[in-house]
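With the sequence shown counted from 1, adding 651 to any position gets you the numbering used here.
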Amino acid sequence: MEMLEKLGEYAFLVCILIAIVTGIASSVTDVSAGWIALALVILGVIVGFTTITEKEVTPFLLAAIALTVTSSGGWFLVINEAVAELGTTINTIVFNITAFVAPAAIILATKSVYELARRK
Numbered sequence: 652m653e654m655l656e657k658l659g660e661y662a663f664l665v666c667i668l669i670a671i672v673t674g675i676a677s678s679v680t681d682v683s684a685g686w687i688a689l690a691l692v693i694l695g696v697i698v699g700f701t702t703i704t705e706k707e708v709t710p711f712l713l714a715a716i717a718l719t720v721t722s723s724g725g726w727f728l729v730i731n732e733a734v735a736e737l738g739t740t741i742n743t744i745v746f747n748i749t750a751f752v753a754p755a756a757i758i759l760a761t762k763s764v765y766e767l768a769r770r771k
């Protein structure tokens, strides 16, 4: 189990790095966002099943909510007025991180609801 947890930790870090690098690359070149998002979603499912412990579920879900709200609004686009494409790049990075975190959040939220219903 310890090996699986370590693998999950590394997968989490790699996914965040992929999200950042592809977010930056998308402003420089024509990167296929669909394939990147699909890869991040698949990795998010894996991490959701393997990495997050029961103690970490609530903080993880809270962080996932914050990321989802942030990525849905395009909040950083106003930065483009000061520095061309910087806001778009930040938006893409946040969207990519959300594409990775959202599947794990869905899995953990479903598990939590199931556990709450089961205990009653």
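Note that the Cβ used here is the ideal one computed from N, Cα and C, for glycine as well.
For the ligand NAD, any of its heavy atoms closer than 7 Å to the Cβ of residue i?
i, result
"Thr-721", "As presented, the structure is devoid of all ligands, the ligand NAD included, so that no description of it is given."
Under a three-way DSSP split, which group does residue i fall into?
i, result
"Glu-660", "helix"
"Thr-709", "helix"
"Gly-725", "coil"
"Val-672", "helix"
"Ile-703", "coil"
"Glu-653", "helix"
"Glu-736", "coil"
"Thr-761", "helix"
"Thr-680", "coil"
Taking the alpha carbon of residue i as the reference point, which residue from the options has its own alpha carbon closest?
i, options, result
"Thr-740", "Ala-750, Gly-725 and Ala-753", "Gly-725"
"Glu-705", "Ala-768, Leu-759 and Tyr-765", "Leu-759"
"Leu-718", "Val-752, Ile-687 and Glu-766", "Val-752"
"Leu-712", "Ser-763, Arg-770 and Ala-733", "Ser-763"
"Leu-691", "Thr-673, Thr-702 and Ser-678", "Thr-673"
"Thr-701", "Ala-714, Asn-747, Arg-769 and Ala-756", "Ala-756"
"Glu-766", "Phe-746, Val-708, Glu-653 and Ala-750", "Val-708"
"Leu-668", "Thr-743, Ser-723 and Ala-715", "Thr-743"
"Gly-738", "Ala-768, Ile-693 and Thr-721", "Thr-721"
"Ile-693", "Ala-768, Pro-754, Arg-769 and Thr-761", "Pro-754"
"Ala-715", "Val-734, Gly-659, Phe-746 and Ala-768", "Phe-746"
How about residue i and residue j: are their beta carbons less than 8 Å apart?
i, j, result
"Ala-662", "Val-696", "no"
"Val-670", "Ile-730", "Per the sequence presented here, residue 670 reads as Ala, with Val not at that position. Cβ distance not < 8 Å, so Ala-670 and Ile-730 don't count as in contact."
"Ala-684", "Ser-677", "yes"
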